[in-house]
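Residue 0 is where the sequence shown starts when you use numbering that gives the first Met the number 0, and the numbers rise one by one after that. The C-beta atom is built at its ideal place from N, Cα and C for all residues, glycine as well. Bear in mind the structure is a predicted one, so any value in this text is a computation, not a measurement. Just below is one structure, and these are the notes that go with it.
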Amino acid sequence: MKARETALRLKRFELDEKARKVADLEHMIREFEAISSDLDRQIQAEEDRTGVKDIKHFAYSTFAKSAALRRDNLRASIGELRAKLEAAQQEVDDARQQLDRAASDQPREITRSRRRNERPAGFALR
0 MKARETALRL
10 KRFELDEKAR
20 KVADLEHMIR
30 EFEAISSDLD
40 RQIQAEEDRT
50 GVKDIKHFAY
60 STFAKSAALR
70 RDNLRASIGE
80 LRAKLEAAQQ
90 EVDDARQQLD
100 RAASDQPREI
110 TRSRRRNERP
120 AGFALR
């Protein structure tokens, strides 16, 4: 019975770790999106200040160029994080199913151990 409880505790711990990973990824995505939208506002403000909106124009702001490059890199990172998030959510679902399965197997294990202990006195164990 101790081994069973330990196994369930381990499965719960694994589920908690995977859920934390999902929460961390979601938090990172939200932060990257906020930074990206802030960079969009900064780029727009710089373009309005300089009056040049064409990135290929020779007088286009270097600040706006670098901010746009950073924003694009953040958006690419967001896409990669979303892919990781989907995989992590699948891992959480799998871990939850394993925990549910292990928890539901417990009564069956108790019944089996009771049957072993309640064998007739004339029954020999090998």
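Practice task
Spell out a yes or no on whether the region 28-37 and the region 55-65 are touching, meaning 3 or more CB-CB pairs, one atom from each, closer than 8 Å.
Solution key: no
Exercise for the section: Taking the CB atoms as reference points, tell me whether Arg128 and Asp39 lie closer together than 9 Å. Expected result: Because the chain in this structure spans residues 0 to 125, residue 128 falls outside the shown range and cannot be described.
Problem - the region 15-23 in contact with the region 81-101 per 3-pair CB rule at 8 Å - result: yes
Handout entry: Other residues of its chain near Met27: CB distance less than 8 Å, five sequence neighbours each side excluded
Key = Leu80
Handout entry: Element boundaries [alpha helix (DSSP H), containing Phe12]
Key = 1-49
Practice task
Check whether the Cβ atoms of Gln97 and Lys10 lie closer than 9 Å to each other.
Solution key: yes
Handout entry: Backbone CA spacing between Lys83 and Val51 [nearest angstrom]
Key = 38 Å
Handout entry: Closest residue to Arg74 among Asp15, Ala86, Arg8, Arg29 (Cα-Cα distance)
Key = Arg29
Problem - Rounded Cβ spacing between Ala94 and Glu13 (contact assumed at less than 8 Å) - result: 5 Å
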